[in-house]
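A.B. asks: Numbering (UniProt numbering), first residue to last: 1 to 115. Before we start, here is the structure in question, set down as structure tokens.
Structure, rendered in structure tokens:
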């Protein structure tokens, strides 16, 4: 879960909320491999939601956010779902990415939101 958030900067939202855009989400090979492994563990359970509970029900964004906080706290790290977006953005820029490409990755309509 954290690898996907850090690698892609996807948002956790409910249908009808701010980020209802769909599109291509680039990710590195280790992240794609971890995602494929997770999907195999789901044992064929089909659901539009990426993350589901052990009962096969979609995890709600608030539940995911709480899990992130819980596991980060257990690892001695203060973090949140939104902090992973900021971390990805900073890493992207520090590794040579430009602000306009970052704007597209983050789904920002205006470059000033990216700065």
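Note that CB positions come from ideal geometry on N, CA and C, so glycine has one too. Predicted model, so just to flag it, every value in this text is computed and none were measured.
1) From the DSSP output, read off the bridge partner residues of residue 52.
2) To the nearest angstrom, report how far apart residue 49 and residue 70 are at their CA atoms.
3) Cα separation between residue 63 and residue 98?
4) Could you check what DSSP says for residue 85 in three-state terms: helix, strand or coil?
5) Rank 86, 1, 79, 109 by C-alpha distance to the C-alpha of residue 52 and give the top, closest one.
6) In angstroms with no decimal places, state the Cα-to-Cα distance between residue 57 and residue 3.
7) Can you list, in chain order, the residues of its chain with a C-beta nearer than 7 Å to that of residue 72? Leave out the 5 residues immediately preceding and following it.
8) List the endpoints of the continuous alpha helix (DSSP H) containing residue 37.
9) Thinking just about the alpha-carbon of each residue, which of 9, 39, 37, 40 is nearest to the one in residue 26?
10) Buried or exposed: which applies to residue 110, given that a residue is buried once 16 or more other Cβ atoms fall within 10 Å of its Cβ?
11) Does DSSP classify residue 110 as helix, strand or coil?
12) Looking at residue 6: is its Cβ nearer than 7 Å to the Cβ of residue 84?
C.D. replies: Here's the rundown:
1) In DSSP, residue 52 forms a bridge with 58.
2) Roughly 21 Å separates the two Cα atoms.
3) Answer to the nearest angstrom: the Cα atoms are 33 Å apart.
4) Three-state DSSP puts residue 85 in a helix.
5) Considering only 86, 1, 79, 109, the residue with the shortest C-alpha distance to residue 52 is 1.
6) Looking at the two C-alpha atoms, the distance is approximately 22 Å.
7) Once the five neighbours on either side are set aside, the close Cβ partners of residue 72 are 78, 79.
8) From DSSP, the alpha helix (DSSP H) with residue 37 extends over 29 to 41.
9) It is 9 whose Cα lies nearest to the Cα of residue 26.
10) Classification of residue 110: exposed, given that the 10 Å Cβ count is below 16.
11) Coil at residue 110, not helix or strand.
12) Going by C-beta atoms, residue 6 is nearer than 7 Å to residue 84.
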